[in-house]
Amino acid sequence: MRDLQPTILDDFEHRVNLAIEHHQDEQGFPCMEDFNVTREELDEFLFDYQAILDSEGSQRSQQTTYGIIALIPIIVLSAFPQKSLPWDSPTTSLLAGVAIGVAIALAVKGIRMFLKSKNIKRQKAEHPDVVAYINAVLSFEQHQ
11 MRDLQPTILD DFEHRVNLAI EHHQDEQGFP CMEDFNVTRE ELDEFLFDYQ AILDSEGSQR
71 SQQTTYGIIA LIPIIVLSAF PQKSLPWDSP TTSLLAGVAI GVAIALAVKG IRMFLKSKNI
131 KRQKAEHPDV VAYINAVLSF EQHQ
């Protein structure tokens, strides 16, 4: 049943392109030439920007990845005999494994978010004219 539903693309790249297509002939719509931007530059920027936004993958793949990362310490701790661990209880081993796994998963998520933010800032700094044009387009669309 899900296959019969239309696919709606609601990402940044498509939102900007649809705004341009729908409003480009309207009075007061930002003109690319006023911002010293070509269509090729805009398309390249939007493609690269969307690639950065999509770099972490879908929510499902992120949850799978971080879940596996969180399980690895539990599996590693279970490989050691209980007597060789600094605690006596198997429950404590499980809780320690979960805590370590969650900490590692959160650290990985934090690093990925930091790198994504850094790449977005770099992309915007390298193309200030394109960013100004996109902001003008989105502002125009928002006021319509």
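Be aware that the sequence shown starts at 11, since it is given in the numbering used here, and climbs by one per residue.
Every residue, glycine too, gets a C-beta built ideally from N, C-alpha and C.
When only Cα atoms are considered, Lys126 and Leu63 end up about 7 Å apart. Val26 sits close to Leu148, with the two beta carbons spaced by under 8 Å.
By the neighbour-count definition (other C-beta atoms within 10 Å, threshold 16), Val86 is an exposed residue. Rounded to whole angstroms, the gap between the alpha carbons of Phe57 and Glu23 is 7 Å. The residues Phe39, Phe150, Glu151, Gln154, in chain order, have a CB closer than 7 Å to that of His33 in the same chain once the five nearest residues on each side in sequence are set aside. Note on geometry: alpha-carbon atoms of Arg49 and Gly111 lie some 46 Å from one another. Separation of Leu81 and Ala61 (C-alpha to C-alpha, rounded to the nearest whole angstrom) is 29 Å.
A Cβ-Cβ contact shorter than 8 Å links Val140 with Leu52. Counting of Cβ neighbours within 10 angstroms places Ile30 among the buried residues, the total reaching 16 or more.
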